[in-house]
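Asks:
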Amino acid sequence: MKKVMNAAVIGTGFMGRIHSSVWIKVNRFFDAVYHANLKVICDNKEAIESFAEKWGYDEFSYDYEADS
Numbered sequence: 000m001k002k003v004m005n006a007a008v009i010g011t012g013f014m015g016r017i018h019s020s021v022w023i024k025v026n027r028f029f030d031a032v033y034h035a036n037l038k039v040i041c042d043n044k045e046a047i048e049s050f051a052e053k054w055g056y057d058e059f060s061y062d063y064e065a066d067s
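Residue numbers for the sequence shown follow numbering that gives the first Met the number 0, beginning at 0 and rising by one.
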């Protein structure tokens with residue numbers, strides 16, 4: 000069983016989508032020791048809640064400096 004590594008991504012634009020996709024698929028391409036869990040996505044956009052739900056993030060935040 001793989002260990003879980005929590006991932007945080009800042010931004011929901013193009014690169015935020017790319018990074019989210021890569022975290023989801025990393026174990027398909029590499030024999031990684033860890034399984035990535037999409038823990039938190041951060042952005043100042045109003046649509047962040049739907050983005051977090053669509054991609055499977057546990058949490059979302061408008062403040063990247065806030066404690067989880």
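Every residue, glycine too, gets a C-beta built ideally from N, C-alpha and C.
Can you tell me which residues form a DSSP beta bridge with residue 34?
Replies: 3
Asks: I'd like the span of the alpha helix (DSSP H) that includes residue 58, first residue to last.
Replies: Run containing residue 58: none in the alpha helix (DSSP H); it sits in the beta strand (DSSP E), 58-60.
Asks: What whole-angstrom Cβ distance do residue 6 and residue 35 have, given they're in contact under 8 Å?
Replies: Contact holds; Cβ gap of about 5 Å.
Asks: Straight-line CA distance for residue 16 to residue 46?
Replies: The alpha-carbon separation between residue 16 and residue 46 amounts to approximately 13 Å.
Asks: Is it right to say residue 33 is buried, meaning 16 or more other beta carbons lie within 10 angstroms of its own, or is it exposed?
Replies: exposed
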